[in-house]
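First up is the structure itself, then whatever we jot down about it.
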Amino acid sequence: MPVALTSFWVRGIGNPLAPADVIERSVTEETTVNNLTRALGEVSAGIRAEELEHFEAALHDTRHLNHAITQNAELILKRLGWEADAVWDMQEIQKDEHSRRALTIYAASRDLSLAILMHEISRDISQATRDVSSQQIHKLFYRQVKISSARMEEANVTCTLGSSNKTLQLSKAFRVVPKILLDNAIKYSTRGSQIQILLTEAPSSFVIEVRNTGPVIRESEVSDVFKRGVRGSNRSGIQGQGIGLWLAEAIVKANQGRIEFLVRGTGPDYSGRMLGTTIVTIKLPL
Numbered sequence: 524m525p526v527a528l529t530s531f532w533v534r535g536i537g538n539p540l541a542p543a544d545v546i547e548r549s550v551t552e553e554t555t556v557n558n559l560t561r562a563l564g565e566v567s568a569g570i571r572a573e574e575l576e577h578f579e580a581a582l583h584d585t586r587h588l589n590h591a592i593t594q595n596a597e598l599i600l601k602r603l604g605w606e607a608d609a610v611w612d613m614q615e616i617q618k619d620e621h622s623r624r625a626l627t628i629y630a631a632s633r634d635l636s637l638a639i640l641m642h643e644i645s646r647d648i649s650q651a652t653r654d655v656s657s658q659q660i661h662k663l664f665y666r667q668v669k670i671s672s673a674r675m676e677e678a679n680v681t682c683t684l685g686s687s688n689k690t691l692q693l694s695k696a697f698r699v700v701p702k703i704l705l706d707n708a709i710k711y712s713t714r715g716s717q718i719q720i721l722l723t724e725a726p727s728s729f730v731i732e733v734r735n736t737g738p739v740i741r742e743s744e745v746s747d748v749f750k751r752g753v754r755g756s757n758r759s760g761i762q763g764q765g766i767g768l769w770l771a772e773a774i775v776k777a778n779q780g781r782i783e784f785l786v787r788g789t790g791p792d793y794s795g796r797m798l799g800t801t802i803v804t805i806k807l808p809l
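Take 524 as the starting number for the sequence shown in our numbering and just add one per residue.
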């Protein structure tokens, strides 16, 4: 499957693809990307030292395959009138089946590339400080919201995003922070709720705040929330490895920032889990 898929994408780049071909073949590409993402999480969570070399080799091949998928998805979107990094009218793009399928593939492949980067940083935390570049904060979060649109729709969760256009000098690893925060917010939101991403400027810092409503961890567990592998007892049964906030804290600290975690419980649900609001706040120096 991967070999045939790779050759298809490489052959396809630069050659016109009929919309019918996009629809017919996109199911395979989307499924492949989703399977690769799932496998990455499952394997990296329980990998043994003697398997690491083989896993890294497979990861290298996965990265190249995914890059080809991303390139061709961007090409298809462009031919359909959508620039990959532009601000899209999501309601309009969902009306067209060809655009919707191309967006789904593009979003899944971009999400996988961030998952691979997360894995690489977690294996070598020194990457959190490397390759500082100028990064536009709103664009990072907007792109992640766009990438996560299918998951939000499936979870029946909506998201509002602040409009501050501040640009900061940050390490390239900071690109995974919006993914971590939004992934967590989606996973731990109740159906029909809303995620809020607030971007504001204080006198000496830029503030990022992500709020969601759903199952919250106990107050007694908040002090351990940034430790690797720690997951709240109220969040059992929800997929995760317990590395997201640990990694986010490492990256934020590497950029001379601070990250805080706050919960406001409102009461138990029918199963006894505590529900409430989770607020993650990042402050970056200006």
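Even glycine gets a Cβ: it sits at the ideal position worked out from N, Cα and C.
It should be emphasised that the depicted structure is a prediction, and the values quoted were computed from it without experimental measurement.
Simplified DSSP state of residue i, which is helix, strand or coil
{"i": "leucine 785", "result": "strand"}
{"i": "asparagine 735", "result": "strand"}
{"i": "lysine 776", "result": "helix"}
{"i": "valine 745", "result": "helix"}
{"i": "leucine 798", "result": "strand"}
{"i": "histidine 790", "result": "Residue identity differs from the one stated: residue 790 is glycine in this sequence, not histidine. Correct three-state label for glycine 790: strand."}
{"i": "leucine 603", "result": "coil"}
{"i": "isoleucine 644", "result": "helix"}
{"i": "serine 727", "result": "coil"}
{"i": "isoleucine 628", "result": "helix"}
{"i": "proline 808", "result": "strand"}
Buried versus exposed call for residue i [16 or more other C-beta atoms within 10 Å across all chains shown]
{"i": "alanine 725", "result": "exposed"}
{"i": "alanine 541", "result": "Summary for alanine 541: the model assigns pLDDT 43, below 50, so the residue's position carries little reliability, and this model does not support an answer."}
{"i": "proline 791", "result": "exposed"}
{"i": "aspartate 706", "result": "buried"}
{"i": "glutamine 779", "result": "exposed"}
{"i": "glutamate 772", "result": "buried"}
{"i": "serine 622", "result": "buried"}
{"i": "serine 636", "result": "buried"}
{"i": "arginine 522", "result": "This structure leaves residue 522 out entirely; the chain is present only between 524 and 809."}
{"i": "asparagine 589", "result": "buried"}
{"i": "asparagine 679", "result": "exposed"}
{"i": "aspartate 747", "result": "exposed"}
C-beta atoms of residue i and residue j nearer than 8 Å
{"i": "leucine 721", "j": "methionine 641", "result": "no"}
{"i": "serine 694", "j": "valine 733", "result": "no"}
{"i": "isoleucine 660", "j": "phenylalanine 729", "result": "yes"}
{"i": "valine 711", "j": "glycine 737", "result": "Note that residue 711 is tyrosine in the sequence shown, not valine. Closer than 8 Å, so yes."}
{"i": "valine 700", "j": "valine 786", "result": "no"}
{"i": "lysine 702", "j": "glutamine 658", "result": "no"}
{"i": "isoleucine 709", "j": "serine 743", "result": "no"}
{"i": "glycine 685", "j": "threonine 723", "result": "yes"}
{"i": "leucine 798", "j": "valine 745", "result": "no"}
{"i": "isoleucine 639", "j": "threonine 585", "result": "yes"}
{"i": "leucine 809", "j": "serine 716", "result": "no"}
{"i": "isoleucine 731", "j": "isoleucine 805", "result": "yes"}
{"i": "alanine 631", "j": "lysine 669", "result": "no"}
{"i": "methionine 675", "j": "threonine 683", "result": "no"}
* To do: Jot down the residue ranges of each uninterrupted alpha helix (DSSP H) in the stretch 666–725, minimum 4 residues, whole runs only, in chain order.
  => At a cut-off of 4 residues, the continuous stretches assigned as alpha helix (DSSP H) that sit fully inside the stretch 666–725 are 672–678, 699–710.
* When the Cβ atoms of the stretch 637–652 are set against those of the stretch 673–693, are three or more pairs found closer than 8 Å? -> They do not touch, by the three-pair rule.
* Are three or more beta carbon pairs between the stretch 614–631 and the stretch 581–597 nearer than 8 Å? -> Short answer: they touch.
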